[in-house]
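As structure tokens, the structure follows; a few thoughts come after it.
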Amino acid sequence: MCRALDEPVRAFPVEQAGPAHVATLKTFDPPLRALEGRRLAGAERRAKRLLFPTEDGELVLLVHLMAAGRLRYLLAGEEAPKTPAFRLRFQGGAQLVLTEPGAKKRAGVWLLTPEDAERELEHLGPEALGIGPQRLGEILARDRRRLHSLLRDQRALAGIGRAWANEILHAARLSPYALSQDVTPEEAERLAEAIESELERGLELRERGAKDAKVYRVHGKLGQPCHVCGTPIARVDFEEHTIFYCPECQTGGRVLKDRRLSRLLR
Ligand SMILES: [Zn+2]
């Protein structure tokens, strides 16, 4: 998505910034209008955030899509959604449009100074995409944590949400409850490969506009056959999250116990 936006957003200066849904716009100073008349310098990706710095280096528009947000560049005259969560209109009529289905608005838009944008991003760990087995091994060795929780931690590794943690661990055939420091080098390699292939798969499908049901193979698929072995996908509550996994592929047939009730099993 970032790749597809980088060129077009630079073509014309911003003519009108907004409207933005009240829950979507997270900042009010500088005002969104401050973008008007400025040209964007392109699009960059940082974990799930898209950054659009202005050409003059004074402002950064930051967009976080969360799970369901979608950002599209529409050419002049192309049909546009009537009530987008956020919209930038460029001179000449093209638009950058953020939409998010459903009533809950989770995606966010921030207009920041470069210094504030830097502060906003500094707590993020290295990008998950492209991490490779060696750096991943270092991150795994640093703390003794359950894999599902570690993968989701943006400070450790940026860019993996709970749904993709499920998909990645399944692809790597690793238990969500396995402890990071117990992961063998061979398993770490498998995990690095799974991070790469699953995130790439997700990016590609989303760029084509695929819906969640098509994108996920494990997440939210309770009781449905595992696409590898046919065993029904199981579910367990962990911390504030629900984990989906295949007992055959990932936990040697063991059923994971709810961590909120039992601390005995993993
Ligand atoms: Zn399976």
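For what it's worth, numbering that gives the first Met the number 0 labels the leading residue of the sequence shown as 0, then goes sequentially.
Virtual Cβ for every residue (Gly too), placed ideally from N, Cα, C.
Q: Determine the DSSP secondary structure at Val-108, reduced to helix, strand or coil.
A: In this structure, Val-108 counts as strand in the three-state DSSP scheme.
Q | Heavy atom of ligand 1 within 6 Å of Glu-117 beta-carbon | A | Taking non-hydrogen atoms of ligand 1 into account, the C-beta of Glu-117 is found less than 6 Å away from none of them.
Q.
Less than 7 Å between the beta carbons of Val-217 and Phe-237, yes or no?
A. No.
Q | Environment of Pro-100 [buried if 16+ CB atoms lie within 10 Å] | A | Exposed, because fewer than 16 other Cβ atoms sit within 10 Å of the Cβ of Pro-100.
Q. Who's in the neighbourhood of ligand 1, going by beta-carbon under 6 Å from any heavy atom, listed in chain order?
A. With 6 Å as the limit, the residues whose C-beta approaches any heavy atom of ligand 1 more closely are Cys-225, Val-227, Cys-228, Thr-230, Cys-245, Glu-247 and Cys-248, in sequence along the chain.
Q: Can you check the stretch 24 to 89 for any beta strand (DSSP E) of at least 3 residues that lies completely inside it and give the ranges in chain order?
A: The stretch 24 to 89 contains these whole beta strand (DSSP E) runs: 43 to 45, 48 to 52, 59 to 63, 69 to 73 and 85 to 89.
**Q.** Closest residue to Leu-146 among Gly-131, Arg-134, Gly-124 and Ala-171 (Cα-Cα distance)
**A.** Considering only alpha carbons, the answer is Ala-171.
(Q) Which of the three DSSP states is assigned to Leu-128 in this structure? (A) Judged by DSSP in its simplified three-state form, Leu-128 adopts coil rather than helix or strand.
Q: Return the residue from the list Lys-47, Leu-58, Ala-40 and Phe-51 that minimises the CA-CA distance to Ala-67.
A: Relative to Ala-67, the option among Lys-47, Leu-58, Ala-40 and Phe-51 whose CA is nearest is Lys-47.
Q) Starting from Leu-97 and walking both ways along the beta strand (DSSP E), at which residues does that stretch end? A) Unbroken beta strand (DSSP E) run through Leu-97: 94 to 98.
Q) Three-state secondary structure (DSSP) at Glu-192? A) Three-state result, Glu-192: helix.
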